[in-house]
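One structure is given below, encoded as structure tokens.
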Amino acid sequence: MFRTKQKTMTDELKSVQQEIKMRHKEFFESQLAYRLLSHPELFPAVKKISGSICYLITQNKEILLKILAENKIISDELLDEKYYGRLKSIDSTPVTGEIILQKILEVLCSDKINLSQILQIHMVFIHRLFDEIINFSDSNTMREITARKAALVKQLFPDALFRDRARKEINTSPSLTRQLGITRHPVFNKLVGMSEDAHLRALDRFAIDQGSVFYKNTIGKIIPKVAGPSGHTGALLLGANLYGNLTSEELHQYTIACFVFLATGGNHSFHEVMIVAQQVGIHYRENDYLHNLPSSIKDTEFFKTFSAEFPQYFQENDIENYSSLSPGA
Numbered sequence: 459m460f461r462t463k464q465k466t467m468t469d470e471l472k473s474v475q476q477e478i479k480m481r482h483k484e485f486f487e488s489q490l491a492y493r494l495l496s497h498p499e500l501f502p503a504v505k506k507i508s509g510s511i512c513y514l515i516t517q518n519k520e521i522l523l524k525i526l527a528e529n530k531i532i533s534d535e536l537l538d539e540k541y542y543g544r545l546k547s548i549d550s551t552p553v554t555g556e557i558i559l560q561k562i563l564e565v566l567c568s569d570k571i572n573l574s575q576i577l578q579i580h581m582v583f584i585h586r587l588f589d590e591i592i593n594f595s596d597s598n599t600m601r602e603i604t605a606r607k608a609a610l611v612k613q614l615f616p617d618a619l620f621r622d623r624a625r626k627e628i629n630t631s632p633s634l635t636r637q638l639g640i641t642r643h644p645v646f647n648k649l650v651g652m653s654e655d656a657h658l659r660a661l662d663r664f665a666i667d668q669g670s671v672f673y674k675n676t677i678g679k680i681i682p683k684v685a686g687p688s689g690h691t692g693a694l695l696l697g698a699n700l701y702g703n704l705t706s707e708e709l710h711q712y713t714i715a716c717f718v719f720l721a722t723g724g725n726h727s728f729h730e731v732m733i734v735a736q737q738v739g740i741h742y743r744e745n746d747y748l749h750n751l752p753s754s755i756k757d758t759e760f761f762k763t764f765s766a767e768f769p770q771y772f773q774e775n776d777i778e779n780y781s782s783l784s785p786g787a
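My numbering puts the sequence shown at residues 459 to 787.
Structure representation (structure tokens):
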């Protein structure tokens, strides 16, 4: 009887310890994303892709104006308050396609870089507009890009990863919030920043499906989760590979920008972004933050300062110490 009671208490203690570590790691990832959001200069790859998108827009303006007039979903995803990174300061009524394109170009070309707005534009462009441009291309170009895109889609969205989305809807009407990050603890929420505008978060709408393969692969590990493998990451990296002309280091850098956008918006964790990026050759090892960040970020004063605040997550042996609890923990 005594042994049984002692074992129960030990199990409960381990469960509490694991819960505390998970909540703190959510806070750490939220802080990493929030701090990087204030350092857009660390992401020249984002500017490079923005330049490619600006070129495609200016070369295909009439096509895009037609699409914007026909598809209201596009303007909603760019302007509606529920979207994190939505465009602001559009006072004209009605908002025409011409005004939207002008605002897109203004945001993408501005010296004052707003990562959340830029990544939302990147997302809408690859998801809603790029195919329309290709459809109006000459037949040889269309065939070539269509074939390349199909191969990339197969690579980025493997059935084994996206067969089930590993999430279930728990709230069909979540409230708008200014809270940034993926923290679930009220104290940590207060320590993470707030956005200027309210938005919806996947964190408030979904829970991880504990029957999914994705969840089962993380059992016993301290890995924050929000909404399963990130389809947004797949789409953004699809665009980066199709028209970004990025080096391997730049693609890695752009992947971290995707994490910054998706984690500050409360939509995905580091793991949920990186397991998708891994499909196109981006280095990823669970809980190994030190080696999962590109050198263009690690070789900076920002990283020196930030890693000193959270040294436990940037040690060479972090993967052994923090990925799971040891039997005696």
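Virtual Cβ for every residue (Gly too), placed ideally from N, Cα, C.
Buried versus exposed call for residue i [16 or more other C-beta atoms within 10 Å across all chains shown]
| i | result |
| --- | --- |
| Asn-745 | buried |
| Thr-630 | exposed |
| Val-504 | buried |
| Ser-510 | buried |
| Cys-567 | exposed |
| Tyr-701 | buried |
| Ile-681 | buried |
| Lys-561 | buried |
| Glu-634 | Note on identity: in this sequence residue 634 is Leu, with Glu being the wrong assignment. Exposed. |
| Ala-608 | exposed |
| Ala-766 | exposed |
| Ile-515 | buried |
Coil, strand or helix - residue i by DSSP
| i | result |
| --- | --- |
| Ser-496 | coil |
| Lys-505 | helix |
| Asp-655 | strand |
| Ser-782 | At Ser-782 the pLDDT is 40, less than 50, meaning the model places this residue with poor confidence and gives no usable figure here. |
| Arg-621 | coil |
| Gln-668 | coil |
| Glu-520 | helix |
| Lys-827 | In the structure displayed, the chain extends from 459 to 787; residue 827 sits before or after that span and is not available. |
| Glu-708 | helix |
| Gln-637 | strand |
| Lys-683 | coil |
| Lys-561 | helix |
| Glu-744 | coil |
| Lys-540 | coil |
| Glu-774 | coil |
| Lys-479 | helix |
Beta-carbon proximity list for residue i, same chain, < 6 Å, skipping 5 on both sides
| i | result |
| --- | --- |
| Gly-723 | Tyr-542 |
| Asn-518 | Ile-591 |
| Tyr-771 | Phe-486 and Tyr-747 |
| Ile-571 | Pro-498 |
| Gln-575 | Gly-543 and Val-565 |
| Asp-622 | Ser-670 |
| Leu-619 | Pro-687 |
Cβ-based neighbour list, residue i, same chain, cut-off 7 Å, excluding 5 preceding and 5 following
| i | result |
| --- | --- |
| Val-718 | Ala-491, Leu-494, Leu-495 and Leu-573 |
| Ala-735 | Thr-691, Leu-695, Thr-713 and Tyr-742 |
| Asn-699 | Leu-610 and Val-738 |
| Leu-704 | Ala-503, Lys-506, Ala-698 and Tyr-712 |
| Gln-489 | Val-650 |
| Ser-508 | Leu-566 and Ile-576 |
| Phe-768 | Phe-486 |
| His-585 | Ala-693 |
| Gln-613 | Gln-737 and Val-738 |
| Leu-658 | Lys-540, Pro-632 and Leu-634 |
Chain-order list of residues whose beta-carbon lies under 8 Å from that of residue i (same chain, five-residue window excluded)
| i | result |
| --- | --- |
| Ile-628 | Arg-663, Phe-664 and Ala-665 |
| Val-582 | Ile-532, Glu-535 and Leu-536 |
| Glu-654 | Arg-636 |
| His-726 | Ile-640, Ala-660, Val-684, Ala-685, Ser-688, His-690, Thr-691, Phe-717 and Leu-720 |
| Asn-593 | Met-600 |
| Leu-500 | Leu-494, Gln-711, Ser-754, Ile-755, Thr-758 and Phe-760 |
| Ala-656 | Glu-539, Leu-634, Thr-635 and Arg-636 |
| Tyr-780 | Note on Tyr-780: pLDDT 45, under 50, position unreliable in the model; the coordinate value appears next. Correct list, in chain order: Lys-479, Lys-483, Ile-680, Asn-745, Gln-770 and Tyr-771. |
| Thr-413 | Since the first residue of the chain shown is 459 and the last is 787, residue 413 is not available in this structure. |
CB contact check: residue i to chain B, cutoff 8 Å
| i | result |
| --- | --- |
| Val-474 | The structure shown contains no chain B; it is built from a single protein chain. |
- [ ] Specify whether the segment 677 to 691 and the segment 728 to 745 touch according to this definition: at least 3 beta carbon pairs, one from each stretch, less than 8 Å apart.
- [x] yes
Task: At least three beta-carbon pairs within less than 8 Å, the segment 543 to 562 to the segment 510 to 529 - done: yes
Task: Segment contact, 8 Å Cβ cut-off, at least three pairs: the segment 469 to 487 with the segment 635 to 647 - done: yes
Open item on the list: Under 8 Å, with one C-beta from each stretch per pair, do the segment 694 to 711 and the segment 749 to 756 reach the 3-pair mark?
Closed with: yes
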